[in-house]
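Asker: Sharing a structure below in structure tokens format, with a few things to ask.
In our numbering, the protein residues as written are 29 to 487.
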């Protein structure tokens, strides 16, 4: 699409939103049910597209994309009528007699820009939240996942008219066109560099944004941890989707007393989960592009590899790799890895962990493995991060009962469930003042007796 076509599409959605059709909760429920049914009916096609783009197995596609999206839609369908109701709140005595309430209203025409690493989940979950809140949506999926982006355009085009939900495919040119338009809300998931551009463009129109970005998410392993189980869960979280997960553990901070045991257990778990030759494991994914492959492979210092390190540029696969004796001066610690490379550093105390994490950009996630409750309390209380887990990895994003989002350099705003509904909703605060009584204290001429009443009320 060119700029004129995109502008026409946005105006078409603006006119449709102005009709008030999306304000009807029954209309929203019907839309969510259509989306749910389409996902169920196209599960195989989705799995094939994800395999084409990222080498994902059918099981992983359902576990991490289709299934999680279905779960989010189910949650919204169960709770949407409660979410969409006006909520009465207490009225101060000074405003007697009145009813105060919060009235939810959708923003209007939303732009949802999604990434390539989980192209179904990270497109359709925010879409479901936006539709539940009563918005229309223009979706811009990533050009780096062409098979999935094309399938989403086809799927959504069949179940929704474009004045309600539309997909704009293409690359940077289309992204630039979209960001020049005035939207009522922008939801972006992707890199920090593009996130800064999105916020800059949105600021020109004073458009509110949610930015779901990333960062170097630490995985802290204390000497009190269950090392064997910790290793199993770390290997799952790190090497899922070939490490191309925004909340994957980016590096391990390990207590030196258990480092050798942890490395041995990590090696055993890689063998257990991915086999002796991960590059030929059909269920192990691939790197999205040659450019990304070359970047990640370039972060591997062969002199520090203690497990893995094998690469295949023809299939764009990099074996699960562990690096030891790493310092903050190593290249691998200078950027978010976003691939199957796991460096290990050590720490001496909880204080050192807090200082290490907090002096760097705020991570999207943090994971702490420990049985020492005081250690866990110190890390989760004093370290800044978007969200995380104790004794597990990445599963905190798999519940609709909690918001998911970043903090600081890892993003702003959050979504999932009620939090997602709230993200795409403006709450109008309204006082319905009754006419059968009119307290005189606020009117001039001011009187001492009224002043005493005001002071009684306002304290």
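In this text, a Cβ means the ideal position worked out from N, Cα and C, and glycines have one as well.
The model shown is predicted, which means the values in this text are computed figures rather than measured ones.
Looking at the secondary structure, which residues open and close the alpha helix (DSSP H) in which residue 447 lies?
Answerer: Note, residue 447: alpha helix (DSSP H), 445 to 451.
Asker: Can we say the region 465 to 473 touches the region 146 to 163, given the rule of at least three CB pairs closer than 8 Å?
Answerer: no
Asker: Candidates 160, 428, 193 and 184: which alpha carbon is nearest residue 166's?
Answerer: Comparing Cα-Cα distances from residue 166 to each of 160, 428, 193 and 184, the minimum goes to 193.
Asker: Give the list of continuous beta strand (DSSP E) stretches no shorter than 3 residues that lie fully inside the region 344 to 388.
Answerer: 349 to 351 and 369 to 374
Asker: Out of curiosity, what's the CA-to-CA distance linking residue 343 and residue 434?
Answerer: 33 Å
Asker: Buried or exposed for residue 308, please, with buried defined as at least 16 other CB atoms from any protein chain shown within 10 angstroms of its CB.
Answerer: exposed
Asker: Assuming contact is defined by CB atoms lying nearer than 8 Å, are residue 137 and residue 38 in contact in what I supplied?
Answerer: yes
Asker: Can you give, in chain order, each stretch of the beta strand (DSSP E) that sits fully within the region 199 to 274 and has at least 3 residues?
Answerer: Here the runs fully enclosed are 213 to 217, 237 to 240 and 246 to 249.
Asker: How big is the Cα-Cα spacing for residue 101 and residue 448?
Answerer: 11 Å
Asker: Specify the secondary structure class of residue 131 as computed by DSSP and reduced to three states.
Answerer: Strand.
Asker: How far does the beta strand (DSSP E) with residue 137 in it extend, from its first residue to its last?
Answerer: 137 to 141
Asker: Could you pull the DSSP bridge partners for residue 461 from this structure?
Answerer: Per DSSP, the beta bridge partners of residue 461 are 126.
Asker: Going by DSSP, which residues form a beta bridge with residue 167?
Answerer: 140 and 195
Asker: Quick test of your reading: residue 220 and residue 241, contact by CB under 8 Å. State the CB separation rounded to the nearest angstrom.
Answerer: 5 Å
Asker: Using a Cβ-Cβ cut-off of 6 Å (strictly less than) and excluding sequence neighbours within five positions of residue 419, which residues of its own chain qualify?
Answerer: The beta carbon of residue 419 sits closer than 6 Å to those of 397, all from its chain and outside the five residues before and after it, given in chain order.
Asker: Consult DSSP for residue 315 and reduce its assignment to one of helix, strand or coil.
Answerer: coil
Asker: State the start and end residues of the unbroken beta strand (DSSP E) segment that holds residue 396.
Answerer: 393 to 397
Asker: What is the C-beta distance between residue 294 and residue 282, in whole angstroms, given that I count them as a contact (C-beta under 8 Å)?
Answerer: So it is not a contact: roughly 10 Å between Cβ atoms.
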